[in-house]
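Trainee:
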Amino acid sequence: MLVFASEYKLQPSRRVVPAGRVIIQTKNIGEDDHNLAVRAANGHVLKVTPVIRSGGLATLRLSLRPGRYWLVCTIPGHEAHGMVRAFIVKRPVPKVVKRVRKGT
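The sequence shown: position 77 = 76 (numbering that gives the first Met the number 0), numbered continuously.
#1: I need the straight-line Cα distance from Glu78 to Pro91, nearest angstrom please.
#2: Compute the Euclidean distance between the alpha carbons of Asp31 and Lys46, then round it to the nearest angstrom.
#3: Tell me the residue span of the beta strand (DSSP E) that contains Arg60.
#4: Considering only residues of the same chain and omitting the five flanking positions on each side of Ala36, which have a CB-CB separation below 6 Å?
#5: Short of 6 Å in beta carbon distance, which residues of its chain neighbour Arg38, apart from the five on each side in sequence? Order them along the chain.
#6: Residue range of the beta strand (DSSP E) that Asn84 falls in?
#7: Pop quiz: Gly55 and Asn34 are said to be a contact at Cβ under 8 Å. What is the actual Cβ separation, rounded to whole angstroms?
In structure tokens form, the structure reads like this:
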């Protein structure tokens, strides 16, 4: 998932991701410093980037179970100004393999 951070919004490239290993790249396209935290539904912060300066990029790698999570900028005052977005983690859909018999 790619997330663009600016004053004062977060724009994720996706709202739904498959469960398991998730990579979140955050690009600061704003002028102010930002960061990105992943918060579970219970409020626990699972992981947070260091401060991302204007034009900078940071990457989070984490393993997520199905559920609702929040992307949040934890720079003081930024969440209150709207830098928070929900996203959903869903179980991956199993692939269905159809066998074709020769001669049919």
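Even for Gly, the Cβ is constructed at its ideal location relative to N, Cα and C.
These figures come from a predicted structure and were not determined experimentally.
Mentor: Result, derived from the coordinates:
#1: Those two C-alpha atoms are separated by around 30 Å.
#2: CA-CA distance, Asp31 to Lys46, rounds to 21 Å.
#3: Segment 56 to 63, the beta strand (DSSP E) holding Arg60.
#4: Its chain contains Val44, Val47, Val71, Thr73 as the residues whose beta carbon lies nearer than 6 Å to that of Ala36, once the 5 sequence neighbours on both sides are disregarded; these appear in chain order.
#5: Cβ within range, chain order: Val44, Trp69, Val71.
#6: With the sequence shown as reference, residue 84 is identified as Arg, and Asn is not the correct amino acid for it. Run containing Arg84: 83 to 89, per the beta strand (DSSP E) assignment.
#7: Taking C-beta atoms under 8 Å as the contact rule, Gly55 and Asn34 fail to qualify, at a distance of about 10 Å.
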